[in-house]
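Undergrad:
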Amino acid sequence: MARLTLKEELGKLGAHRGLEAELQESSQIPEDGLDLWVLHRLAQAADAANRAQRADQDDQTQYDVADNGARISRDERNKLDDLIGAIRFQKTKK
């Protein structure tokens, strides 16, 4: 779980640094040199930073952590447990 959290935070940091780098670079360009490509790069960097920041807010799923550290959706796990519980291993006589 800590590894996933660290990975998410590093992703946010990387996206934020990318946006800062794009802003810094574009601020060095003379005004008459600003073109659609520069604006496109800025828009892409801003979008990446926004998606990285929102990623943990969009996911409302509750997770359990397995013995091996994997995150398991609690809802999916409950459905699997119900399905396994419904399986009958008795042979029917014909």
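-1 is the number of the first residue of the sequence shown in the working numbering; add one for each residue after it. In this text, a Cβ means the ideal position worked out from N, Cα and C, and glycines have one as well. Every value quoted in this text rests on a predicted model; they were computed, and no experiment measured them.
Tell whether a beta-carbon distance below 8 Å holds between G12 and A43.
TA: no
Undergrad: As a quick exercise: from L2, E20 and T59, pick the residue whose alpha carbon is nearest that of A47.
TA: E20
Undergrad: For I70, which of helix, strand or coil comes out of DSSP?
TA: strand
Undergrad: With distances taken between CB atoms, is the gap from G75 to D62 smaller than 8 Å?
TA: Residue identity differs from the one stated: residue 75 is Arg in this sequence, not Gly. Going by C-beta atoms, R75 is nearer than 8 Å to D62.
Undergrad: D62 by DSSP, collapsed to three states: which one?
TA: strand
Undergrad: Can you tell me whether Q26 is helix, strand or coil according to DSSP?
TA: DSSP places Q26 in coil when its eight states are reduced to three.
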